[in-house]
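**Student:** Would you mind keeping the following structure in view while I ask a few things?
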Amino acid sequence: MAIKLEDKKAIVAEVNEAAKVALSAVVADARGVTVSAMTGLRKEAREAGVYVRVVRNTLLKRAVADTEFSILNDAFTGPTLIAFSNEHPGAAARLFKEFAKGQEKFEIKAAAFDGNFIAANQIDVLATLPTRDEAIAKLMSVIQGATSKLARTLAAVRDQKEAAAA
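Shown next, in the form of structure tokens:
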């Protein structure tokens with residue numbers, strides 16, 4: 066189906082704007098996935114702050130040409146579904162990984178984060194990044210453990226000095 070030049074320019078501009086503000090991108094092949102499953106994926110993506118779009122490869126290459134996601138150009142083959150994470154770097158990877166578990170034909174091709182290319186078999190690196198809240202919770206538990214250990218050590222030193230003085 067032919068797309069008018071104005072529509073092509075609008076698609077390139079829209080995807081380019083999404084790429085400029087994105088933290089990471091994941092590329093997948095969604096051939097054979099039902100429309101209802103794709104609708105569910107898009108709904109989950111909106112809730113997770115992920116921009117998802119099916120784009121022709123030539124338009125996608127133009128859209129990401131001046132961004133850090135141009136390293137994904139080799140992955141733009143066949144039907145391409147791209148997702149940009151806006152709020153958390155691992156959101157799109159986590160979303161696609163979970164979706165792929167229930168869809169045999171859904172194939173993750175590659176990802177990009179912080180200017181680095183991530184192959185499909187290494188997508189877990191990006192998908193398992195903790196969210197901001199998870200990272201803060203881990204930091205707080207480490208700080209709490211260290212401070213309680215310090216307090217116990219100081220109390221033991223105090224008790225030892227009191228016992229020696231008596």
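This note's numbering applies: residue 66 is where the sequence shown begins, and numbers increase by one.
For each residue, glycine too, the CB sits at the ideal point set by N, CA and C.
Reducing DSSP to helix, strand and coil, say where D94 ends up.
**Tutor:** Residue mapping note: residue 94 aligns to position 29 of the sequence shown, counting from 1. D94 falls in the strand class under three-state DSSP.
**Student:** Where F161 and F134 are concerned, what is the direct C-alpha to C-alpha distance, given to the nearest angstrom?
**Tutor:** Against the sequence shown, residue 161 aligns to sequence position 96. Against the sequence shown, residue 134 aligns to sequence position 69. Their Cα atoms are separated by approximately 18 Å.
**Student:** How close, in whole Å, do the beta carbons of I147 and A200 come, if the pair is a contact with beta carbons under 8 Å?
**Tutor:** Sequence index remark: in the sequence shown, residue 147 carries index 82 (1-based). Sequence index remark: in the sequence shown, residue 200 carries index 135 (1-based). About 26 Å; that fails the 8 Å criterion.
**Student:** So the candidates are I68, R223, A176; which of them puts its Cα closest to the Cα of D189?
**Tutor:** Start at 1 with the first residue of the sequence shown, and residue 189 comes out as number 124. Measuring from the Cα of D189, the nearest candidate turns out to be A176.
**Student:** What first and last residue would you give for the alpha helix (DSSP H) that runs through R159?
**Tutor:** The residue labelled residue 159 in the question sits at position 94 within the sequence shown. Per DSSP, R159 belongs to the alpha helix (DSSP H) from 156-167.
**Student:** Given that a residue counts as buried once 16 or more other Cβ atoms are within 10 Å of its Cβ, and exposed if not, what is P144?
**Tutor:** As a working note, residue 144 is residue 79 in the sequence shown. When all chains shown are included, P144 counts as exposed.
**Student:** Helix, strand or coil for K126, going by three-state DSSP, please let me know.
**Tutor:** Position 61 of the sequence shown, counted from the first residue, corresponds to residue 126. Here DSSP, grouped into helix, strand and coil, assigns K126 to helix.
**Student:** Work out the CA separation of N122 and G155 for me, nearest whole Å.
**Tutor:** Against the sequence shown, residue 155 aligns to sequence position 90. Against the sequence shown, residue 122 aligns to sequence position 57. Cα-Cα distance, rounded: 23 Å.
**Student:** With 16 other CB atoms within 10 Å as the buried threshold, where does K174 fall?
**Tutor:** If you number the sequence shown from 1, residue 174 lands on position 109. Classification for K174: buried.
**Student:** Spell out the partners DSSP gives N151 in its beta bridges.
**Tutor:** Locating residue 151 in the sequence shown gives position 86, counting from the first residue. Note: N151 sits in no beta bridge, so no partner.
**Student:** Go ahead and pull the three-state DSSP assignment for I188.
**Tutor:** The residue labelled residue 188 in the question sits at position 123 within the sequence shown. The answer is helix: DSSP assigns I188 an H, G or I state.
**Student:** Assuming A69 is part of the alpha helix (DSSP H), what are its boundary residues?
**Tutor:** Position 4 of the sequence shown, counted from the first residue, corresponds to residue 69. The identity of residue 69 in the sequence shown is Lys, whereas the question assumes Ala. Neither: K69 is in no alpha helix (DSSP H) and is coded neither H nor E.
**Student:** Could you please give me the residues that DSSP links to A175 through a beta bridge?
**Tutor:** Taking the first residue of the sequence shown as position 1, residue 175 is located at position 110. Residue pairing of A175 in beta bridges, as defined by DSSP: V92, A184.
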